[in-house]
Amino acid sequence: MLPAAHRLRRSVDFERAVRRGVRGSRQTVVVHLIVEPTVPAPAVVGFVVSKAVGNSVTRNRVKRRLRAIVATRVGDLAPGTMAVLRALPAAAGSDFAGLTADVEAGLSAAAKRWAQRQVDTSGGGRR
RNA sequence: UGAGUUGGCCAGGCGGUCGCGUCGAGGGGGAGACCCUUCGCCGAGGAACGUCCGGGCUCCACAGGGCAGGGCGGUGGGUAACACCCACCCGGGGUGACCCGCGGGAAAGUGCCACAGAGAACAGACCGCCGUCGGACCUCGGUCCGGCGGUAAGGGUGAAACGGUGGGGUAAGAGCCCACCAGCGCACCGGGUGACCGGUACGGCUCGGCAAACCCCACCCGGAGCAAGACCAGACAGGGAGCGUUCGAGGGCGGCCCGCCCGAGCUCCCGGGUAGGUCGCUGGAGGCGUGCGGCAACGUACGUCGUAGAUGGAUGACCGCCGCUGAGGCGGAGGCAACUCGGCCUCAGCACAGAACCCGGCGUAUCGGCCAGCUCAUCCG
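Under my numbering, the residues of the first sequence are numbered 104 to 230, in order.
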């Protein structure tokens with residue numbers, strides 16, 4: 104399970120990560136990610152599992168699996184990271200190993216894109 | 001042994017690694033709110049589901065009257081209450097255990113009854129039957145055609161055709177008359193708390209269904225819901241127009257009328273701000289056992305148990321072994337054979353479904369397994 108300190112639970116934070124952050128998409132999951140280096144807080148992760156995924160039992164199972172996967176990897180994330188994992192309908196049929204692979208790939212893709220954006224904005228000087 | 005029927009129970013088990021939530025205890029940090037850490041206890045369901053009924057609880061001043069509206073509908077009981085449960089009555093189904101019922105009123109009124117059929121709700125002459133008149137034929141018994149009239153016994157249609165059977169009667173018939181039966185109404189007697197049941201006498205001779213179409217009758221119902229409601233912290237910025245201050249604006253009791261109460265602000269437009277936390281929050285019509293009362297639902301006395309409280313939402317993730325079911329493969333035992341019984345290995349599957357204020361029900365979903373009562377059939381004694 105994910106310790107309480109690493110949980111994203113304010114709705115404004117969810118909104119900011121999904122709207123302002125970069126995305127890394129896979130078959131079963133979409134990762135939204137933003138890093139705020141000004142705040143030296145630990146990385147936090149939130150989860151969104153909509154009704155399209157299934158009934159309440161399958162939604163709970165998907166959410167618990169995602170939390171279990173993230174619990175072992177949250178230490179690798181940079182301080183100030185805010186990530187939201189949004190489950191897609193395919194997550195209901197996927198097993199633990201498949202879900203793990205998608206989460207890892209999604210996280211690293213999103214992190215790479217975030218780094219790219221930092222280079223673009225500071226180098227180009229636009230916005 | 002097989003088939004059936006009713007009721008109840010279970011919801012795969014054990015272990016390991018890594019975690020989460022509430023509560024309690026200890027330690028550390030901090031002025032404090034609180035945070036970190038260690039240990040311990042507990043941590044989803046029979047339906048937690050649908051949100052269809054009924055209550056508790058909270059707020060609306062009290063929870064008032066009438067109308068309207070909604071619900072309910074055999075009788076008696078149970079209950080906090082119910083549309084639920086139990087027992088009984090009536091009707092229907094089944095050999096039976098048992099099951100099913102949207103079970104008040106159709107001689108208060110209105111309305112509807114498709115198709116078929118001659119006629120469908122103050123019934124109805126298509127065929128048939130009977131009488132009579134006219135005509136034709138004739139073996140002088142009648143037969144055929146047409147008109148007029150009588151007739152609801154027969155045919156045919158239909159879910160349903162205005163009682164049934166027998167006799168009298170008649171031109172043919174008809175409750176036209178009679179007997180018995182069915183049904184209806186009414187009176188009396190007996191049984192039952194009651195729905196109702198049994199019996200006797202009389203009456204007119206017979207009366208359709210739908211009330212989940214409106215309606216009538218009896219009984220019940222004030223409204224909203226834990227996002228109820230209470231408190232703390234925090235934020236901002238006002239401007240304009242209209243109505244009004246005991247001759248009362250506006251508001252509250254779902255709607256309307258009455259009645260009552262609060263009452264100095266209210267409504268609209270432009271602009272601006274907030275949406276964080278604490279309590280409510282789980283000990284309750286509670287579970288289990290025994291005795292007593294009751295046919296039962298249930299009640300009651302005593303004893304005993306302590307059993308989820310999240311809030312981006314804990315109660316788990318992964319692995320191993322065993323169990324059950326199915327498929328495939330390989331041996332074994334019995335047998336002439338069909339086949340039966342048991343073993344090992346591999347693979348797959350093991351349901352429906354997740355608390356959100358709490359209870360009592362109903363309805364729906366569900367892989368399967370276990371137990372008990374009763375009924376029918378067959379075999380043995």
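Just so you know, even glycine gets a beta-carbon here, dropped at the ideal spot from N, CA and C.
As the structure is a prediction and not an experimental result, all values here were calculated from the model.
Quiz item: Going straight from the alpha carbon of residue 212 to that of residue 179, what length do you get?
Solution: As a first step, residue 212 is located in the first sequence; it is residue number 109 there, counting from the start. As a first step, residue 179 is located in the first sequence; it is residue number 76 there, counting from the start. So the two alpha carbons sit approximately 14 Å from each other.
Quiz prompt | Cβ separation of residue 182 and residue 146, assumed to be a contact under 8 Å, to the nearest whole Å | solution = Working through the first sequence from its first residue, we reach residue 182 at position 79. Working through the first sequence from its first residue, we reach residue 146 at position 43. With 8 Å as the limit, residue 182 and residue 146 qualify as a contact, their Cβ atoms being about 6 Å apart.
Self-check item: Inter-residue Cα distance where the pair is residue 205 and residue 118
Solution: Against the first sequence, residue 205 aligns to sequence position 102. Against the first sequence, residue 118 aligns to sequence position 15. Straight-line Cα distance between these residues: approximately 23 Å.
Practice problem: Report the option in 133, 222 and 159 whose CA atom is closest to the CA atom of residue 207. | Solution: Stepping through the first sequence from its first residue, residue 207 is reached at position 104. Closest option to residue 207, Cα to Cα, is 133.
Practice problem: Assuming residue 184 and residue 138 form a contact by the criterion Cβ under 8 Å, report the distance between their Cβ atoms to the nearest whole angstrom. | Solution: Within the first sequence, the letter at position 81 stands for residue 184. Within the first sequence, the letter at position 35 stands for residue 138. Confirmed, Cβ separation roughly 5 Å.
Self-check item: Where residue 206 sits in the DSSP three-state scheme
Solution: Your numbering for residue 206 matches position 103 in the first sequence. If DSSP states are grouped into helix, strand and coil, residue 206 belongs with the helices.
Quiz prompt | Other residues of its chain near residue 129: CB distance less than 7 Å, five sequence neighbours each side excluded | solution = Start at 1 with the first residue of the first sequence, and residue 129 comes out as number 26. These residues qualify, in order along the chain: 205, 208 and 209.
Self-check item: Classification of residue 155 by the beta-carbon crowding that lies within 10 angstroms, buried from 16 upward
Solution: As a working mapping, residue 155 is identified with position 52 in the first sequence. Exposed, by the Cβ-count rule.
Quiz item: Taking the alpha helix (DSSP H) that residue 169 falls in, what are its first and last residues?
Solution: As a first step, residue 169 must be located in the first sequence, where it is residue number 66. Its alpha helix (DSSP H) spans residues 159-174.
Practice problem: Have a look at the DSSP bridge pairing and note the partners of residue 128. | Solution: The residue you call residue 128 lines up with position 25 of the first sequence. DSSP lists 133 as partners of residue 128.
Quiz item: Count the other CB atoms within 10 Å of the CB of residue 175; is the residue buried (16 or more) or exposed (fewer)?
Solution: Mapped onto the first sequence, residue 175 falls at position 72. Flag for residue 175 reads exposed.
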